[in-house]
Each structure stands twice: as structure tokens, then as C-alpha cells.
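Comments concern the structure below.
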Amino acid sequence: MQALCCLRRRATLCAVAAALSGSAVADDLADLGLETLLDLNVETASRFPQKRSEAPSAVTIITADDIRAYGYRTLGDLLNAVRGLYVFTDRAYDFLGARGFGRPGDYNGRLLLLIDGYRTNEPVYGTAAIGTEAFLDMALIERVEFVPGPGSAVYGNNAFFGVINVITKNGQSFQGAQLAQTAGDHGLLATRATFGRRYENGADLVLSASRYADRGLPIRFPPATVPGLPDATARQSSYTLTDRAFAKFSYGRFGLELGWVTRTIGFANVQTGSAYDDPRTRDIDTQHFLSLTYNPFCGQKLECSLRTDFGAYDYDQYAPYIDPPGSPKIVNHDLSRGRWWSAEAKFVWTGWDRHKLVFGAEYRRDMQADQANFDVEPVADYANSKLKANRFGMYAQDEWSLSERWLLNAGLRYDLASGVEKNEISPRIALIYQPQPGTALKLIAGSAFRAPNAYEANYVYPGQQKANPSLKPEHIRTYEAVWEQAISTHTRFAVTAFQYRITDLINLVTDPNDGLQQFRNSAPVSARGVEGEFERVWDNGLRLKGSLTLQSTRDTTSGGSLTNSPRRLAKLQAQWPLLGHQLGVAGGIFYLGRRTSLGEDVPGYTLANVNMTWRPAPHWNLSLGVYNLLDRRYSDPLSEIYAVTGLTAMPQPGRRLQAQVEIQF
Numbered sequence: 004m005q006a007l008c009c010l011r012r013r014a015t016l017c018a019v020a021a022a023l024s025g026s027a028v029a030d031d032l033a034d035l036g037l038e039t040l041l042d043l044n045v046e047t048a049s050r051f052p053q054k055r056s057e058a059p060s061a062v063t064i065i066t067a068d069d070i071r072a073y074g075y076r077t078l079g080d081l082l083n084a085v086r087g088l089y090v091f092t093d094r095a096y097d098f099l100g101a102r103g104f105g106r107p108g109d110y111n112g113r114l115l116l117l118i119d120g121y122r123t124n125e126p127v128y129g130t131a132a133i134g135t136e137a138f139l140d141m142a143l144i145e146r147v148e149f150v151p152g153p154g155s156a157v158y159g160n161n162a163f164f165g166v167i168n169v170i171t172k173n174g175q176s177f178q179g180a181q182l183a184q185t186a187g188d189h190g191l192l193a194t195r196a197t198f199g200r201r202y203e204n205g206a207d208l209v210l211s212a213s214r215y216a217d218r219g220l221p222i223r224f225p226p227a228t229v230p231g232l233p234d235a236t237a238r239q240s241s242y243t244l245t246d247r248a249f250a251k252f253s254y255g256r257f258g259l260e261l262g263w264v265t266r267t268i269g270f271a272n273v274q275t276g277s278a279y280d281d282p283r284t285r286d287i288d289t290q291h292f293l294s295l296t297y298n299p300f301c302g303q304k305l306e307c308s309l310r311t312d313f314g315a316y317d318y319d320q321y322a323p324y325i326d327p328p329g330s331p332k333i334v335n336h337d338l339s340r341g342r343w344w345s346a347e348a349k350f351v352w353t354g355w356d357r358h359k360l361v362f363g364a365e366y367r368r369d370m371q372a373d374q375a376n377f378d379v380e381p382v383a384d385y386a387n388s389k390l391k392a393n394r395f396g397m398y399a400q401d402e403w404s405l406s407e408r409w410l411l412n413a414g415l416r417y418d419l420a421s422g423v424e425k426n427e428i429s430p431r432i433a434l435i436y437q438p439q440p441g442t443a444l445k446l447i448a449g450s451a452f453r454a455p456n457a458y459e460a461n462y463v464y465p466g467q468q469k470a471n472p473s474l475k476p477e478h479i480r481t482y483e484a485v486w487e488q489a490i491s492t493h494t495r496f497a498v499t500a501f502q503y504r505i506t507d508l509i510n511l512v513t514d515p516n517d518g519l520q521q522f523r524n525s526a527p528v529s530a531r532g533v534e535g536e537f538e539r540v541w542d543n544g545l546r547l548k549g550s551l552t553l554q555s556t557r558d559t560t561s562g563g564s565l566t567n568s569p570r571r572l573a574k575l576q577a578q579w580p581l582l583g584h585q586l587g588v589a590g591g592i593f594y595l596g597r598r599t600s601l602g603e604d605v606p607g608y609t610l611a612n613v614n615m616t617w618r619p620a621p622h623w624n625l626s627l628g629v630y631n632l633l634d635r636r637y638s639d640p641l642s643e644i645y646a647v648t649g650l651t652a653m654p655q656p657g658r659r660l661q662a663q664v665e666i667q668f
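Residue numbers (the numbering used here): 4 to 668.
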């Protein structure tokens with residue numbers, strides 16, 4: 004076989020909200036004044052519940068009510084509405100950029116993704132799945148907390164640009180069975196069945212299963228992208244099939260969660276020698292997890308939390324190719340296997356006046372991080388690597404109330420890992436000033452790290468890529484100033500100014516000596532910017548929310564901006580409940596500025612989405628969503644893996660329609 008380059012797959016609410024029952028929480032949150040919303044409790048920033056205005060970050064909360072109103076289809080849709088974030092895709096996986104940094108093909112390993120505290124990032128690629136391959140149906144989410152900035156001071160690895168915590172609904176949110184049927188254009192069909200109940204003895208149960216199938220839109224590639232095809236349109240290889248199952252049970256101080264998802268997605272392989280638009284060309288991602296939690300009583304001033312998790316990740320790619328030309332097709336199989344378990348003990352101490360101390364320790368065992376590449380028939384092996392690792396971290400953070408108006412939040416974490424010479428120390432400090440109710444001024448400084456994953460350090464492919472076991476972790480140091488202001492119960496705004504510097508950035512480069520690609524630590528990069536957000540609510544329920552981000556990044560090697568780094572982001576969303584909340588209209592306009600990809604410019608674009616909801620009867624919910632309303636044609640940047648194809652940006656789909664019927668029993 005020639006050097007075929009396979010396209011690799013690379014809390015609790017505040018007292019007001021806590022008193023609300025189940026599914027009523029999100030609805031009642033929408034009715035609260037913005038000044039009250041500023042003081043909602045968040046649990047992700049410091050690993051214990053605290054007012055949002057007192058968190059050492061500018062935390063964003065997206066509720067179940069927002070998900071329903073705007074018709075977010077995936078976690079990527081939801082995060083794309085958050086200020087400072089932008090989502091891009093290669094039509095197989097969704098990637099997330101933050102504060103001007105968005106490396107195509109990094110699979111979101113620089114963001115830590117939690118599900119009820121469970122770390123979903125796997126050991127092979129560090130994936131944080133936010134697309135159709137993600138664990139959860141959107142209807143199971145109670146809220147999402149996004150904590151921007153370095154979070155390694157309490158979370159360690161992967162919390163580089165921020166932490167995303169997805170909090171799921173409990174059984175009381177459903178109080179019975181729920182059936183949902185979704186249909187859309189181009190063969191989209193989805194079905195979900197969910198049961199949830201809180202029993203009189205306090206036990207709480209959620210069970211859910213779903214299937215999502217989408218024939219997909221054709222992919223229209225630029226002329227001459229595929230050799231021999233002047234007008235290449237992939238029609239057979241853009242399908243998606245996702246199956247999910249989820250269970251959540253709690254009783255007393257015990258908790259149990261299980262999640263499973265498998266997704267098969269077709270893609271058009273534009274490599275020279277590949278079998279173009281062959282429906283057998285596909286990626287299969289399968290993940291599952293098990294989490295056990297126990298919160299023993301440790302006294303009036305000490306809260307104790309224990310948890311253990313098990314996770315698994317399987318990746319399989321099948322890519323037919325022809326070598327030499329005119330010969331029968333050969334199927335290449337690329338695979339990865341990840342298995343890991345972890346244990347954590349966390350404690351929150353309030354025994355000292357004006358102090359709230361959280362401290363704990365975590366251990367993680369990566370039992371398997373294997374990668375292989377071979378031809379199925381005739382059999383030919385090209386790559387085979389295996390890795391195991393141990394990781395340990397311990398942390399402490401003190402929230403010190405200096406006075407009624409001043410708060411100091413200081414945290415520090417120590418991490419060590421097998422095979423790594425240097426241990427990591429990650430600090431964060433925040434000084435918070437609240438001169439009056441509804442006003443919070445924050446000065447934040449912190450650092451974070453990301454260790455190289457198994458793919459970056461160990462993957463070898465003859466004639467294409469070589470390993471680099473001497474890769475060092477990359478580091479970021481960030482400084483932020485935040486102003487959060489509730490002008491009244493109807494109006495609020497937030498402004499963040501940030502600056503960061505990354506050292507030892509892990510990049511995929513081509514070695515000029517042998518022409519092979521290799522991940523290497525590169526020269527420092529830096530960025531600075533301003534994020535602003537404004538929100539207004541009227542007495543009739545109309546809600547308007549907008550954000551603007553201005554940012555500049557710099558690569559010290561080239562002196563120019565980073566790849567896939569827009570200088571401007573703008574977002575405007577509105578939702579309007581009508582007929583006493585029986586009918587609702589919501590929509591958004593999203594602008595993403597010009598970027599670069601593989602040395603070429605990628606034009607900016609503006610997209611519009613609209614979603615309508617209707618509740619004709621107490622147990623019925625109907626919705627109709629139109630995505631990319633104006634049918635804009637646009638493209639997203641691609642990773643260095645695509646450099647040999649001549650394709651610099653991936654064309655994106657046009658308008659999509661989706662309707663849903665949801666029935667509560």
C-alpha cells in the first residue's frame with residue numbers, strides 16, 4: 004500500500020431555585036429577575052456551590068428552558084451561543100474554539116467536559132464530545148455551566164481554556180414517562196423514550212434511550228478537490244446513526260449513573276487513492292461510563308464526597324482505498340481503545356470563620372490507550388501502539404471573606420503522572436469586590452496545563468507520521484478583569500478583558516528532514532481580547548441577549564495570527580413567549596469573523612436560526628426549528644491532516660428543518 008493518509012478521528016441552584024420542583028426549575032428561572040439570576044448558585048468554578056457573583060470566573064449558565072426555547076440540537080449548538088466560544092466542524096466531529104484559540108482536529112482536549120462531575124475526556128485523543136457522538140440527549144440536561152479560563156487549580160489536566168459541566172435532570176423533573184419523535188428534511192428521524200420518577204421513600208430514578216438517524220446533506224467540494232472529478236459532490240457518505248442509553252439513580256447519600264452512546268458517521272474521503280464517496284467509509288465512536296458517588300455525613304462543618312468512575316472509549320474507522328489504480332478496493336481499519344478508572348475524595352470545611360475550604364485528591368488509572376492501523380484483507384499491519392498511565396492530583400482552595408464587600412479566592416493543585424519527568428503545580432487567585440448588590444468586580448490570575456495524549460505522543464504511521472515520546476505538557480498563564488452588573492431586575496451586562504500566553508504548545512508539523520508529520524512543542528503564542536454581554540427582559544416575557552468579542556492572537560514564530568482565530572464574534576438571541584407561555588418564538592443571529600486555514604483565508608459568515616414551540620395541551624410539546632435560515636454557504640478550517648489533499652476548508656451544510664412532538668404520560 005502507498006502511504007495512504009487515513010483521515011483520522013482525532014450546582015446546585017440557589018435557595019430560590021432549589022425550592023422549585025423538577026421541571027418547574029427551568030421555567031421559573033426564566034421568570035426571575037436578572038439581579039436574582041446573578042446570585043444563582045454555581046458549583047463548577049470552585050467545586051462547591053457558591054453565588055455566581057462570587058465565583059472566580061465569569062460563569063455562564065444555560066438552562067433547560069433555553070435548550071427548549073432555542074431548539075439546541077447538540078451540546079455544540081448550545082456552546083456556540085456562549086460568549087467567546089465558537090464551534091466549527093469537519094462534518095464528522097464538532098470542535099470548540101475559545102478566546103481566539105481553536106485548533107482544528109484537537110477534539111476539544113483543551114476543555115474539560117464533565118457530566119454531573121464525571122470527566123468525559125478519554126486518554127487516546129482527550130476528546131470532549133459535543134456533537135452527535137456526545138453522551139446525552141439534550142432533553143436530559145437541566146443546565147450547563149461554562150467556566151472560562153484556566154481551571155487546573157482544582158481540576159488538573161484538560162482544564163486549559165475552561166470547564167464545561169453538564170448537570171442532568173433528576174426523576175422529579177419528569178414524574179412519569181416521556182416520548183419524543185423528531186423528523187426533519189433529508190431523512191432525519193429520531194425517537195426518544197424517557198422515564199423519571201421520585202418515589203415517596205426518596206429514591207430518584209431516570210431511564211432514557213434514543214435513536215437518531217440522518218441521511219444528511221450532500222457535501223459539495225470545490226472543483227478539482229477529488230482527482231478525476233471536476234465537480235465532486237458526495238451524496239452517499241454523509242449519514243449519521245446514533246444510539247444512546249442513560250440511567251441515573253439516587254437514594255439517600257448514594258448515587259449511580261450509567262451512560263452509553265455509539266455513533267456511526269459516513270464521510271467522503273478525498274485522499275488520493277481513496278474510494279471516494281464509498282458508503283463503507285465511516286467512523287464509529289462508542290463510549291460508556293459508570294459513576295458511583297457516596298456523600299457520608301462527616302459533621303456539621305465538614306462535607307465529604309467520595310466517587311469512583313469507570314470509562315471506556317472505542318474508535319473504529321473503515322476507509323476503502325484503491326492501490327494501485329484499477330485494482331480491487333482494500334478496506335483499511337484504524338482503531339483506538341481506551342479504558343480507565345478513577346477515584347476521588349473531596350472535602351469542604353467551614354469550621355473557620357469567614358473561610359470556606361475545599362480540598363481533595365484524585366487518582367486515575369489509564370488501563371488502556373491503544374492504537375492500531377491495518378488492512379482488513381489482505382491483512383497488512385501499519386501501526387500498533389499501547390500505553391498505560393497513572394495520574395495523581397491533590398488540591399486545595401480557600402474562599403476567604405475579607406469583609407462584606409471583599410472576597411479572596413485562592414487555589415493550588417499538584418499533579419504527577421507516570422512517564423512525565425516534571426510534576427505540575429497550577430495556581431489560581433481571584434480578588435472579588437462587591438460594592439453593592441448586583442455588582443461584582445473581579446481580578447483573576449491563573450495557570451493551567453494539558454498533558455500530551457496517547458495519539459500525540461505515540462502514534463506511528465509508516466510514511467506519514469512518527470511518534471514523539473519526549474513531548475512536554477503545554478502551559479497557559481491567564482490574567483482577567485471581570486465586571487458583572489445587574490442594572491435592575493430587567494437589565495444586566497458583563498465585560499471581561501483577558502490576556503494569556505501559551506508555552507510549549509503542541510502542534511502537528513512536518514519534519515523537513517524526512518517529510519513525516521510529528522507533534523512537537525512549538526514557540527509561545529499569546530492573545531488578548533474583550534468579551535461583552537448584555538441581557539434585557541421585559542415584563543411581557545420578551546428576552547434579548549447579545550454578546551460581542553474582540554480578540555487578537557499572535558504566533559511568535561510567524562508574527563501573524565493563529566490559524567482558525569477570528570478577530571470578531573457577535574451573537575444576538577431573542578425569545579418571546581406568547582399566549583401565556585403556550586406559544587414561543589426564539590431565534591439567534593451569529594457572526595464569525597474571517598479566519599485562516601492551511602495558509603488560506605476562510606471568509607467570515609453570518610448564520611440565523613429560529614425555533615417555534617407550542618404547548619397545545621398540558622402534556623404535549625411541539626416545536627419546529629429552522630437552522631441556517633438564510634441557507635448561507637460557508638466553510639470551516641481543517642487540520643494539518645488534510646494538507647496533502649489540497650482541501651483547506653470543509654464546506655458546510657445549508658438550511659435544515661426539524662420538527663418534534665413530545666408527549667408526557
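Backbone N, C-alpha and C fix where the C-beta goes; we use that ideal spot for every residue, glycine too.
Fill in: Sequence-distant residues of its chain with Cβ nearer than 6 Å to S26 (five each side left out)
Residue numbering aside, residue 26 sits at position 23 when the sequence shown is read from its first letter. With a pLDDT of 40 at S26, under the threshold of 50, the predicted position of this residue should be treated as unreliable, though the coordinate-derived value follows. Taken in chain order, the residues that qualify are S176.
Worksheet item: For S561, is the classification buried or exposed, using 16 other Cβ atoms within 10 angstroms of its Cβ as the cut-off for buried?
Response: Stepping through the sequence shown from its first residue, residue 561 is reached at position 558. The residue in question, S561, is exposed, as its Cβ has fewer than 16 Cβ neighbours within 10 Å.
Discussion item. Buried or exposed, going by whether 16 or more other CB atoms sit within 10 Å of the CB of K172?
Written reply: Position 169 of the sequence shown, counted from the start, is the residue given in the question as residue 172. Per the 10 Å Cβ criterion, buried.
Discussion item. Rounded to the nearest angstrom, what separates Q437 and R408 at their Cα positions?
Written reply: As a first step, residue 437 must be located in the sequence shown, where it is residue number 434. As a first step, residue 408 must be located in the sequence shown, where it is residue number 405. Approximately 5 Å, taken between the alpha carbons.
Worksheet item: Does the count of Cβ pairs from the segment 79-88 and the segment 505-524 closer than 8 Å reach three?
Response: no
Practice prompt. Report the residue ranges of all beta strand (DSSP E) runs contained in full by the segment 631-667; include only those spanning at least 3 residues, in chain order.
Written response: 638-640, 652-654, 659-667
Discussion item. Using a Cβ-Cβ distance cut-off of 8 Å, determine whether D42 contacts chain C.
Written reply: Among the protein chains of the structure shown there is no chain C, as only one such chain exists.
Item to complete: Spatial neighbours of E603 within its chain, please: CB distance less than 6 Å, with the 5 preceding and 5 following residues excluded, ordered by chain position.
Response: Numbered from its first residue, the sequence shown carries residue 603 at position 600. Cβ within range, chain order: T651.
Discussion item. To the nearest angstrom, how far is the alpha carbon of S339 from that of K332?
Written reply: As a first step, residue 339 must be located in the sequence shown, where it is residue number 336. As a first step, residue 332 must be located in the sequence shown, where it is residue number 329. Rounded to the nearest angstrom, the two C-alpha atoms are 23 Å apart.
Worksheet item: Nearest to P621 by alpha carbon, out of S49, T77, F668, L117?
Response: On the sequence shown, position 618 is the one that residue 621 refers to. Considering only alpha carbons, the answer is F668.
Item to complete: Taking only the alpha-carbon atoms, compute the straight-line gap between R416 and E427 and give it to the nearest angstrom.
Response: For this step, residue 416 is matched to residue 413 along the sequence shown. For this step, residue 427 is matched to residue 424 along the sequence shown. Looking at the two C-alpha atoms, the distance is approximately 8 Å.
Practice prompt. Flag this pair as yes or no: are the beta carbons of G628 and W579 separated by less than 8 Å?
Written response: Sequence index remark: in the sequence shown, residue 628 carries index 625 (1-based). Sequence index remark: in the sequence shown, residue 579 carries index 576 (1-based). Cβ atoms of G628 and W579: not closer than 8 Å.
Worksheet entry | Where the beta strand (DSSP E) through Y482 begins and ends | Numbered from 1 along the sequence shown, position 479 holds the residue referred to as residue 482. 477-489 is the extent of the beta strand (DSSP E) around Y482.
Worksheet item: Would S155 pass as a contact of S429 if the rule is Cβ separation under 8 Å?
Response: The residue given as residue 155 occupies position 152 in the sequence shown. The residue given as residue 429 occupies position 426 in the sequence shown. For S155 and S429, yes; Cβs fall inside 8 Å.
Worksheet item: Expressed to the nearest angstrom, what Euclidean distance is found between the alpha-carbon atoms of A315 and V588?
Response: As a position in the sequence shown, residue 315 is number 312, starting the count at 1. As a position in the sequence shown, residue 588 is number 585, starting the count at 1. Each residue's alpha carbon lies about 40 Å from the other.
Worksheet item: What whole-angstrom Cβ distance do A212 and R247 have, given they're in contact under 8 Å?
Response: Counted from its first residue, the sequence shown places residue 212 at position 209. Counted from its first residue, the sequence shown places residue 247 at position 244. Right, their Cβ atoms sit about 7 Å apart.
Worksheet item: In angstroms, rounded to a whole number, what distance separates the CA positions of H478 and A206?
Response: Position 475 of the sequence shown holds residue 478. Position 203 of the sequence shown holds residue 206. Looking at the two C-alpha atoms, the distance is approximately 44 Å.
Worksheet item: Which of the three DSSP states, helix, strand or coil, is assigned to Q184?
Response: Position 181 of the sequence shown, counting from 1, holds the residue named residue 184. Looking at Q184 - three-state DSSP - the assignment turns out to be strand.
Worksheet item: With 16 as the cutoff for other CB atoms within 10 Å, does N393 come out buried or exposed?
Response: Along the sequence shown, read from residue 1 onward, the residue named residue 393 stands at position 390. The residue is exposed, with fewer than 16 neighbouring Cβ atoms inside 10 Å.
Worksheet item: What does a CB cutoff of less than 7 Å around A457 pick up in its chain, not counting 5 residues either side in sequence?
Response: For the purposes of this step, residue 457 is taken as the residue at position 454 of the sequence shown. Around A457: P126, V127, A372, Q374, L390.
Item to complete: Specify, as a first and last residue, the run of the beta strand (DSSP E) that I447 falls within.
Response: Residue mapping note: residue 447 aligns to position 444 of the sequence shown, counting from 1. It spans 442-453 - the beta strand (DSSP E) in which I447 sits, taken as one unbroken run.
Worksheet item: Ends of the beta strand (DSSP E) at N168?
Response: In the sequence shown, residue 168 corresponds to position 165, counting from 1. N168 -> beta strand (DSSP E) spans 165-171.
Worksheet item: For R113, which three-state DSSP category applies?
Response: As a first step, residue 113 is located in the sequence shown; it is residue number 110 there, counting from the start. Coil at R113, not helix or strand.
Fill in: Rounded C-alpha distance that separates G129 from G607
Reading the sequence shown from its first residue, position 126 is the one you call residue 129. Reading the sequence shown from its first residue, position 604 is the one you call residue 607. If you take the alpha carbons of G129 and G607, they lie about 29 Å apart.
Discussion item. List, from N- to C-terminal side, the beta strand (DSSP E) runs of 3 residues or more that fit wholly inside the segment 521-546.
Written reply: 528-540
Worksheet item: Is it right to say E203 is buried, meaning 16 or more other beta carbons lie within 10 angstroms of its own, or is it exposed?
Response: Looking up residue 203 in the sequence shown gives position 200. So E203 counts as exposed.
Worksheet item: If we ignore side chains and look at the alpha-carbon of each, how far apart do V382 and T556 end up?
Response: On the sequence shown, position 379 is the one that residue 382 refers to. On the sequence shown, position 553 is the one that residue 556 refers to. C-alpha separation (whole angstroms): 46 Å.
Fill in: Helix, strand or coil at T77 according to DSSP, with G and I counted as helix
Here residue 77 is taken as the residue at index 74 of the sequence shown, counted from 1. Three-state result, T77: coil.
Discussion item. Just verifying my parser: in three-state terms, what is the DSSP assignment at D119?
Written reply: For the purposes of this step, residue 119 is identified with residue 116 of the sequence shown, where counting begins at 1. Correct three-state label for D119: coil.
Fill in: At least 3 beta-carbon pairs within less than 8 Å: the segment 137-144 vs the segment 183-199
yes
Practice prompt. Report yes or no: do the segment 483-496 and the segment 439-451 share at least 3 C-beta pairs separated by less than 8 Å?
Written response: yes
Worksheet item: Of the residues D517, G179, G103, I490, which one's Cα is nearest the Cα of Q439?
Response: Taking the first residue of the sequence shown as position 1, residue 439 is located at position 436. Here the closest residue by C-alpha is I490.
Worksheet item: For the beta strand (DSSP E) that contains S498, what are its first and last residues?
Response: On the sequence shown, residue 498 is found 495 positions in, with the first residue counted as 1. Just to set this straight, residue 498 is Val in the shown sequence, not Ser. Per DSSP, V498 belongs to the beta strand (DSSP E) from 494-506.
Worksheet item: What are the boundary residues of the beta strand (DSSP E) that N510 is part of?
Response: Taking the sequence shown and counting its residues from 1, the one referred to as residue 510 is at position 507. That run of the beta strand (DSSP E) goes 509-513.
Worksheet item: Is it right to say L405 is buried, meaning 16 or more other beta carbons lie within 10 angstroms of its own, or is it exposed?
Response: In the sequence shown, counting from the first residue as 1, residue 405 sits at position 402. Its Cβ having fewer than 16 others within 10 Å, L405 is exposed.
Discussion item. Could you check whether L553 and R539 sit closer than 8 Å to each other, using their CB atoms as the reference points?
Written reply: Mapped onto the sequence shown, residue 539 falls at position 536. Mapped onto the sequence shown, residue 553 falls at position 550. No, the pair does not count as a contact, with Cβ atoms beyond the cut-off.
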